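Single-structure report; data block below.
Protein chains: 2
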Amino acid sequence: MTKPITLKDIARETGVHVSTVSRALDNDSRHFLTPEVVERVRKAADEMGYRRNRMASSLRTKKTMTIGLLIPDITNTLFPPIVRGLERVLEEAGYASIIVNTDDLADRESRLINVLLERGVDGIVDAAASQDEARLKIVEKQGLPIVTVNRQVGNSSIPSVVNDDTEGVRLALHHLYEAGHRKIAHIAGPQKLSTSIARLEAFNSETKKLGLDLPTSAMAMSAHFDEDEGQRCTGELLDQDWKCTAILCANDRLALGAIAEIRRRGLSCPEDISVTGFNDIPFLDLIPPGLTTIRVQQEAIGRLAAELLLKMIKDKTATVPRTTILPVQLIERGSVAPPRIR
Amino acid sequence: MTKPITLKDIARETGVHVSTVSRALDNDSRHFLTPEVVERVRKAADEMGYRRNRMASSLRTKKTMTIGLLIPDITNTLFPPIVRGLERVLEEAGYASIIVNTDDLADRESRLINVLLERGVDGIVDAAASQDEARLKIVEKQGLPIVTVNRQVGNSSIPSVVNDDTEGVRLALHHLYEAGHRKIAHIAGPQKLSTSIARLEAFNSETKKLGLDLPTSAMAMSAHFDEDEGQRCTGELLDQDWKCTAILCANDRLALGAIAEIRRRGLSCPEDISVTGFNDIPFLDLIPPGLTTIRVQQEAIGRLAAELLLKMIKDKTATVPRTTILPVQLIERGSVAPPRIR
DNA sequence: TTGAAAGCGCTAACAA
DNA sequence: TTGTTAGCGCTTTCAA
């Protein structure tokens, strides 16, 4: 129960003024001092077990060396890699991060942004951005650097680092097309998320380019990115008269649900119906028939976002790219086969 | 780019002293004031968009309303549920959390504890505890509340919230025994972690109680909790003269590796060799043959740890249970069958 | 019930 | 090169 050592304590011990101690301990100002003093102070600080009180220094410098990270849900395997990527570069630069889970709930988002603001974060990385940018405008108005990752906010000017959703859908679609599929359905994600919107749009425009004439009922709308919704939407798709031979899903969990529903109906994937996913979450290779999917670079997204944010923090007037798009990759496994002739 | 409103601003606006404003905004002191003043101040604060500067208040009160969370690796699916459980109860109580990843590296652990200490966290939840308690002693000596979760530190007095590792092993072992297995091997986890140690000890004592006479080579030691090590250890087990009919693995990922290696050798699970895991990570039900495992309550662990920590923060002299053990549950799937008669 | 004043620990002008 | 001084925004005695 020893109480923390302060600069004052070290000053008393070494016989110099606190400001001298402060300078000796600050790498940017130590060169103002004689090496002997610096040495003496540092040694004393070390021996006394000094630890800088960042609250106090933040109060003076207006920098907390902390950034805020908004994510929808840390238990969703999509996000931890982003967190790691972020922390890798932030930690290096001396920043810590406060992570909050919004559950994709608007009121939670507002409340949690406030939590971050109260704690004086130097910047925000938003992996939980909704399409409503009102809340983020508040942040921008404070002059606080912010970047969204994985998702973008409508047509706002907030910089974002995202996956190439369009290319991913194109890749999956062409893969199905080349396997011989013409009647391809799409299970879209929740339309309040930019990723879902982008993927649905890509699906529409690419199928058109391919000359596929799909009924509107070829698109099923999921309410959540989960297995249950994948299952429900697949049911919808299979119940109608128009019969698809393949389902391109907006993410892996929807695809897993799709495969489950296909099986439940006594059909099989890929023999009766081919399925593709998006994201390439862990363990997909172990789950039969092996989901063919689009691999995204989540950790890279985190790293790039951190670098962008750091740049914005260092120079508030820095010009940063409005959108950084990361390449995606088709991962072929067992869930796609030529359509059955029928 | 508006700069933050301070108490001073509100004081000027409402014509009262800053200390009055402070009191009006503090639920514990507002009753000293006339309701009219409170009302007037609060209204002004609201309209002006006041947001408390927690750095400043922390400096005075020595409370940051922030707790630190040490985890080995957020991308390991075992930990996010703990984080959620923690945050659920901490957020409720007005606390935010700083999460750091130690990668189970001793020097990172020290450095990151220091990061948390510099930021003046009010308490620490350590889900990355190693067996070396030296680093945590520093924390305790500061009088800073700390609790370990999932793991315990040797025979220290630091409170912990853990799963019932012993019971879990007993459950899995008896399940195998009842299926007819007598030659049961164990793939142990890294012996620097308390969970691994506890599970290995339980394996030893329970097999003894059951009267199984196992050679020491029935125990393979993994260096990491991952698939590769599971595979390597299984190779070791299968290469020797003593032939096991079942492998009890210290966690699910080791078990997944074990199954892979069994298959690679042209054998099959559970027909030739039965396998059990520990933790019940997501998607296990979708991976054939369906790993029989022990389900642990990670989110509950997080919640309980948070409640414990809060109690310790509120009352530094509070007596808290040294160990809180959560019940575990056997989840039967397809990876266990009677041994082949041979 | 409100105000005045001090100070948390630190940094940064300014002075010497 | 070092010391002096002021003050970041807040809370909390003490006094009125």
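If you're matching them up, the sequences are chains V and L in order. Those letters in the first sequence? Residues 22 to 363, per our numbering, in order. Those letters in the second sequence? Residues 22 to 363, per our numbering, in order. The beta-carbon is built from N, C-alpha and C at its ideal position, and this holds for glycine as well. The model shown is predicted, which means the values in this text are computed figures rather than measured ones.
Residue-chain proximity (residue i, chain L), Cβ-Cβ < 8 Å
i, result
"Arg363 (chain V)", "Confidence is the limiting factor: at Arg363 (chain V) the pLDDT is only 49, short of 50, which leaves the residue's position unreliable and the question unanswerable from this model."
"Gly141 (chain V)", "yes"
"Glu250 (chain V)", "no"
"Pro342 (chain V)", "no"
"Ser238 (chain V)", "no"
"Asn272 (chain V)", "no"
"Leu312 (chain V)", "no"
"Pro93 (chain V)", "no"
"Val59 (chain V)", "no"
"Leu74 (chain V)", "Leu is not the amino acid found at residue 74 (chain V); the sequence shown has Asn there. For Asn74 (chain V), the answer is yes, since a Cβ of chain L falls inside 8 Å of its Cβ."
"Ile26 (chain V)", "no"
"Ile120 (chain V)", "yes"
"Pro359 (chain V)", "no"
Reduced DSSP category for residue i - H, G, I as helix; E, B as strand; rest coil
i, result
"Val364 (chain L)", "Residue 364 (chain L) is absent from the structure shown; chain L starts at 22 and stops at 363."
"Leu269 (chain V)", "strand"
"Ala281 (chain V)", "helix"
"Arg363 (chain V)", "At Arg363 (chain V), the pLDDT of 49 sits below 50, so the modelled position is not reliable; the number obtained from the coordinates is stated separately. Residue state, collapsed to three classes: coil."
"Arg220 (chain V)", "helix"
"Ile167 (chain V)", "strand"
"Thr255 (chain V)", "helix"
"His52 (chain L)", "helix"
"Tyr71 (chain V)", "coil"
"His195 (chain V)", "helix"
"Ser356 (chain L)", "coil"
"Arg172 (chain V)", "coil"
C-beta contact flag for residue i and residue j at 8 Å
i, j, result
"Asp143 (chain L)", "Thr82 (chain L)", "no"
"Arg343 (chain L)", "Pro180 (chain L)", "yes"
"Leu190 (chain L)", "Glu250 (chain L)", "Sequence inspection shows Val at residue 190 (chain L); the Leu mentioned does not correspond to that position. No; because the gap between Cβ atoms is not below 8 Å, this pair is not in contact."
"Ile302 (chain L)", "Thr98 (chain L)", "yes"
"Ala206 (chain L)", "Cys290 (chain L)", "no"
"Thr314 (chain V)", "Asp273 (chain V)", "yes"
"Leu269 (chain V)", "Phe224 (chain V)", "yes"
"Gln318 (chain V)", "Leu351 (chain V)", "no"
"Met76 (chain L)", "Leu80 (chain V)", "yes"
"Gln261 (chain V)", "Ser295 (chain V)", "no"
"Thr187 (chain V)", "Ala149 (chain V)", "no"
"Ala271 (chain L)", "Val182 (chain L)", "no"
"Ile308 (chain L)", "Ile308 (chain V)", "yes"
"Pro211 (chain L)", "Ala244 (chain L)", "yes"
"Phe304 (chain L)", "Phe304 (chain V)", "yes"
"Thr216 (chain V)", "Arg253 (chain V)", "no"
"Arg44 (chain L)", "Leu54 (chain L)", "yes"
"Ile334 (chain L)", "Ile103 (chain L)", "no"
"Arg72 (chain V)", "Asn135 (chain L)", "yes"
"Ala127 (chain L)", "Asp153 (chain L)", "yes"
"Arg132 (chain V)", "Thr85 (chain V)", "no"
For residue i: DSSP bridge partner residues
i, result
"Gly430 (chain V)", "This structure cannot settle anything about residue 430 (chain V), because the visible part of chain V is limited to 22 through 363."
"Leu90 (chain V)", "V:Ile120 and V:Val146"
"Ala241 (chain L)", "L:Ile208"
"Ser215 (chain V)", "Ser215 (chain V) is not bridged to any residue."
"Thr297 (chain L)", "L:Leu269 and L:Thr313"
"Thr344 (chain V)", "V:Ser181"
Min CB distance residue i to chain V below 8 Å
i, result
"Lys162 (chain L)", "yes"
"Ser79 (chain L)", "yes"
"Glu108 (chain L)", "yes"
"Val296 (chain L)", "no"
"Ile167 (chain L)", "no"
"Thr345 (chain L)", "no"
"Asn135 (chain L)", "yes"
"Thr98 (chain L)", "yes"
"Met69 (chain L)", "no"
"Thr123 (chain L)", "no"
"Arg105 (chain L)", "yes"
Opening and closing residue of the alpha helix (DSSP H) in which residue i lies
i, result
"Ala45 (chain L)", "Val39 to Leu46"
"Ile159 (chain V)", "Ala155 to Lys162"
"Asp30 (chain V)", "Leu28 to Thr35"
"Ile134 (chain L)", "Ala127 to Glu139"
Residue interval of the beta strand (DSSP E) (run including residue i)
i, result
"Ala321 (chain L)", "Here Ala321 (chain L) belongs to no beta strand (DSSP E); instead the alpha helix (DSSP H) covers Gln319 to Lys335."
"Ile315 (chain L)", "Thr314 to Arg316"
"Ser181 (chain L)", "Ser181 to Asn184"
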